[in-house]
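J.: Heads up: the sequence shown begins at 5 in this note's numbering, then just goes up one per residue.
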Amino acid sequence: MLKTGQPTTLDRVLGGVERLGNRLPSPFVMFVGLFVLIALASWLAAALGATVQLPGAAEATPVKNVLSGEGLVELLGSAVDNFVEFPALGPVLTVVLGVGVAQGTGALEAAVRLAFYRVPRSLVPYVVAFVACQGHVMSDASFLVIPPLAALVFSAVGRHPLAGLIGAYACTATGYAGGLLLGTLDASLAGITEKAAALLPGTDGYSTNIAMNYYFGAAAGLVLPIVGGLLISRVLEPRLPAWRPGKGSGDGPGAGPGDGPGHGRDGARVEVTPQERRALLVSGLVVAGFLALVVVAWLIPGSPLRDPDGSLVPSPLLSNLVPIIALVFFLFGYTYGRVIGLAKKDRDVYAMMTTAIKEMGGFITLIFIVAQTLSVLSWSGLATFLAVELADAAKAVGLVGFPALVFLVLLSMVLNLVITSGSGLWSLESTVMVPALMLLGLSPAIIQATHRIGDSITQAISPMHIFLYFILAAAQKYEPGLKLGTLVSRLLPFVPAFGLVWVGVLAVFYFVGLPVGPGASIQLP
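See below:
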């Protein structure tokens, strides 16, 4: 944590949380520890003769010992399959291949600049908030791209660049689960949810898909930007120190007479050139044409993309959206690179895809131990045992239905302060919460959507979120004396405001009974 001067109470609190979080081992080591604990717990439970009685089952099922000969043989025989067949692995890497091309050619960054450029001054906060609330489609790259560009756009229209920088970061982080587009987050969480749902016997018929939270996320992605824009313009910006373009610390290092129209105070280009506009237009038309063909093929009676009974939801199309999304990103990026005139070496698709996969090395390594941990949790029967016990406890205190979902929001909010890996956190929570809430009649789709709310709300202020320090460094170009406590205090208003909106949207979907995604109901069928 960066400190200057006498630390405030907030600095001390955040410092304590940061020190506590820093004492936690890496996610990989945490799952190794969890694996060992599960093995020991299964040995103890089996020794005590623990059993679990599933609703509707004729007999109770005993908990099995992972450390027995049978357990060790099961682990050795299934280790490779557990890894390569883990539901989140293939979908995420497939989408990453397409996103890597879109990022490598500069297509995604140019699209963001086009969305920001020449926006009326009064609407800038709302456009920034809207783009930021769709940011999860770019994964972690959204934290690196959107806030600095927003600062440049605010500066270009004569507004405080810190309002753009901090506001865009807050909306990107706190609204991370929303948006009109699907991305790698949807793929990874859906895979983890599917695996967790399978821990509960008798639920093999319930299908999950990458779009099962789409309606919910899209609705939030339209409402949250309004709140975000209001907070940026009415709460954040008025409380910032005075900023005068062309003078003082607010200029940034690149300010000066050489800055032309469409350039930010840091000298970075914000405007979209005619060549880039043409490339984006052509790329957009290619993607639109591809999606139109897919939709037409889906709607044609007798199409293989429809369910055998002729229904559109569920259907093979909705169950196999991952390669289609990957192709959308690929076509968008590749077409942009061709039209923009990148050198042959610069548009080497294989190199872009390889780089994108290399950046997922940590995720792939984590998946290996996650897959083994979930496997022994399922085989031993401990997951079912814990789920039934938790469900019974929830019923005993009246924690069912919507209150149970609110509890999951709060749990995810707290855990997200120290575990900032979205897939890692959900891997830990889902093994217990998905089966437990399914026993209360809730579908995996609404359970996953609820977790995503809590995982988003506190992300902006988590001292373990590495991009918080990136934003701090970027903000110190405009306000050199800025401390972490001050930055967090400016981010704090977004947390309760977005939290209320998120829970409000969840309440509307729950009590009206709206599906949270295609074929994804609130209650279990």
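C-beta: ideal position from N, C-alpha, C; glycine also. The structure displayed is predicted, hence computed values, not measured ones.
Does chain D have any CB closer than 9 Å to the CB of P484?
T.: Included in the structure is just one protein chain, with no chain D present.
J.: Over what stretch of residues does the alpha helix (DSSP H) that includes G94 continue unbroken?
T.: The sequence position of residue 94 within the sequence shown is 90, counting from 1. From DSSP, the alpha helix (DSSP H) with G94 extends over L93 to G108.
J.: Please tell me whether R163 and R125 are closer than 9 Å, where the distance is taken between their beta carbons.
T.: Start at 1 with the first residue of the sequence shown, and residue 163 comes out as number 159. Start at 1 with the first residue of the sequence shown, and residue 125 comes out as number 121. Yes. Within cutoff.
J.: Determine the DSSP secondary structure at L66, reduced to helix, strand or coil.
T.: Start at 1 with the first residue of the sequence shown, and residue 66 comes out as number 62. Going by the sequence as given, residue 66 is Pro instead of Leu. Strand, per DSSP.
J.: For the region 47 to 66 and the region 401 to 408, state whether three or more C-beta atom pairs, one from each stretch, are separated by less than 8 Å.
T.: Counting Cβ pairs under 8 Å, fewer than three are found: no touch.
J.: Looking only at its chain, what residues have a beta carbon closer than 7 Å to the beta carbon of S447, apart from the 5 residues adjacent to it on each side?
T.: Mapped onto the sequence shown, residue 447 falls at position 443. Closer than 7 Å at the Cβ level, and outside the excluded window around S447, lie A524, S525, I526, Q527 and L528.
J.: Apply the 10 Å Cβ neighbour rule to E74 and answer buried if 16 or more other Cβ atoms are within range, or exposed otherwise.
T.: Translated into positions along the sequence shown, residue 74 becomes position 70. Looking at its Cβ environment, which holds fewer than 16 other Cβ atoms inside 10 Å, E74 is exposed.
J.: Confirm, please, whether the CB-CB distance from F39 to I371 is below 9 Å.
T.: As a working mapping, residue 371 is identified with position 367 in the sequence shown. As a working mapping, residue 39 is identified with position 35 in the sequence shown. Taking 9 Å as the Cβ cut-off, I371 and F39 do not qualify as a contacting pair.
J.: Helix, strand or coil: how does DSSP classify L185 here?
T.: Locating residue 185 in the sequence shown gives position 181, counting from the first residue. Note: L185 maps to coil in three-state DSSP.
J.: In or out: G521 buried (at least 16 other Cβ within 10 Å) or exposed?
T.: Indexing the sequence shown from 1 puts residue 521 at position 517. Under this definition G521 is a buried residue.
J.: Buried or exposed: F515, going by 16 or more other Cβ atoms within 10 Å of its Cβ?
T.: As a first step, residue 515 must be located in the sequence shown, where it is residue number 511. Classification of F515: exposed, given that the 10 Å Cβ count is below 16.
J.: Please classify D255: is it buried, with 16 or more other beta-carbons within 10 angstroms of its beta-carbon, or exposed?
T.: Against the sequence shown, residue 255 aligns to sequence position 251. For D255, the predicted model reports a pLDDT of 39, less than 50, meaning its position is unreliable and no value from the coordinates is stated.
J.: Can at least three beta-carbon pairs, one atom from the region 344 to 352 and one from the region 108 to 115, be found at a separation below 8 Å?
T.: yes
J.: Look up G523 in the DSSP assignment and say whether it is helix, strand or coil.
T.: Position 519 of the sequence shown, counted from the first residue, corresponds to residue 523. Note: G523 maps to coil in three-state DSSP.
J.: Does the separation of the CB atoms of I214 and P95 fall below 9 Å?
T.: By 1-based counting over the sequence shown, the position of residue 214 is 210. By 1-based counting over the sequence shown, the position of residue 95 is 91. Cβ atoms of I214 and P95: closer than 9 Å.
J.: What distance in whole Å lies between the Cβ atoms of A501 and P231, which are believed to be in contact at a cut-off of 8 Å?
T.: Reading the sequence shown from its first residue, position 227 is the one you call residue 231. Reading the sequence shown from its first residue, position 497 is the one you call residue 501. As written in the sequence, residue 231 is Val, which differs from the Pro given in the question. At roughly 6 Å, the Cβ-Cβ gap stays under 8 Å, so V231 and A501 are in contact.
J.: So which of G341, T212, R238 and A92 has the shortest CA-CA distance to V105?
T.: Against the sequence shown, residue 105 aligns to sequence position 101. Residue G341 is the option with its Cα nearest to V105.
J.: Mapping DSSP to helix, strand and coil, what is T462?
T.: Residue 462 sits at position 458 when you count from the first residue of the sequence shown. DSSP, read as helix, strand or coil, puts T462 in coil.
J.: By alpha-carbon positions, which one of P320, A45, F334 and I42 ends up nearest to T212?
T.: Position 208 of the sequence shown holds residue 212. The shortest Cα separation from T212 among P320, A45, F334 and I42 belongs to P320.
J.: Figure out for me which residue from V413, S82, V436 and A479 has the closest Cα to the Cα of G385.
T.: Counting from one through the sequence shown, the residue named residue 385 turns up at place 381. Closest option to G385, Cα to Cα, is V436.
J.: Could you tell me the alpha carbon to alpha carbon distance between D190 and A453, rounded to whole angstroms?
T.: Within the sequence shown, the letter at position 186 stands for residue 190. Within the sequence shown, the letter at position 449 stands for residue 453. Near 10 Å, if we compare the C-alpha coordinates of A453 and D190.
J.: Touching or not, the region 136 to 145 and the region 170 to 184, by the rule of three or more beta carbon pairs under 8 Å?
T.: Touching, yes.
J.: Touching or not, the region 353 to 365 and the region 39 to 51, by the rule of three or more beta carbon pairs under 8 Å?
T.: no
J.: In the DSSP assignment, find the alpha helix (DSSP H) that holds C175 and state where it starts and stops.
T.: Taking the first residue of the sequence shown as 1, we reach residue 175 at position 171. That run of the alpha helix (DSSP H) goes P165 to T178.
J.: Rounded to the nearest angstrom, what separates V67 and G179 at their Cα positions?
T.: Reading the sequence shown from its first residue, position 63 is the one you call residue 67. Reading the sequence shown from its first residue, position 175 is the one you call residue 179. Using only the alpha carbons, I get a separation of about 41 Å.
J.: Just to confirm before moving on: does the CB-CB distance between V509 and V227 stay below 9 Å?
T.: One-based indexing of the sequence shown puts residue 509 at position 505. One-based indexing of the sequence shown puts residue 227 at position 223. Closer than 9 Å, so yes.
J.: Does the beta-carbon of I470 have 16 or more other beta-carbons within 10 angstroms, so that it is buried, or is it exposed?
T.: To locate residue 470, count along the sequence shown from 1; it is residue 466. Answer is exposed; the Cβ neighbour count stays below 16.
J.: Is the Cβ-Cβ distance between S379 and L79 less than 9 Å?
T.: Translated into positions along the sequence shown, residue 379 becomes position 375. Translated into positions along the sequence shown, residue 79 becomes position 75. Against a cut-off of 9 Å, the Cβ pair of L79 and S379 comes out as a contact.
J.: According to DSSP, simplified to helix, strand and coil, what is V56?
T.: The count along the sequence shown starts at 1 and reaches residue 56 at position 52. V56: strand per DSSP, three-state reduction.
J.: For the region 326 to 372, list the beta strand (DSSP E) runs that are entirely contained and at least 3 residues long, ordered along the chain.
T.: none
J.: What are the boundary residues of the alpha helix (DSSP H) that W302 is part of?
T.: Position 298 of the sequence shown, counted from the start, is the residue given in the question as residue 302. In the DSSP assignment, W302 falls within the unbroken alpha helix (DSSP H) covering P278 to L303.
J.: For R238, count neighbouring Cβ atoms within 10 angstroms of its own Cβ and tell me buried if that reaches 16, exposed if not.
T.: Start at 1 with the first residue of the sequence shown, and residue 238 comes out as number 234. Flag for R238 reads exposed.
J.: Considering only DSSP beta bridges, list what L446 is partnered with.
T.: Along the sequence shown, read from residue 1 onward, the residue named residue 446 stands at position 442. BP columns for L446 point to Q527.
J.: Can you tell me the Cβ-Cβ gap for A200 and V438, rounded? I've got them flagged as a contact below 8 Å.
T.: The residue given as residue 200 occupies position 196 in the sequence shown. The residue given as residue 438 occupies position 434 in the sequence shown. The Cβ separation is near 4 Å, so the contact holds.
J.: With burial defined as no fewer than 16 other Cβ atoms inside 10 Å of the residue's Cβ, what is the status of S146: buried or exposed?
T.: To locate residue 146, count along the sequence shown from 1; it is residue 142. It counts as buried.
J.: For the structure I just gave you, are there three or more beta carbon pairs, one from the region 146 to 160 and one from the region 472 to 491, closer than 8 Å?
T.: yes
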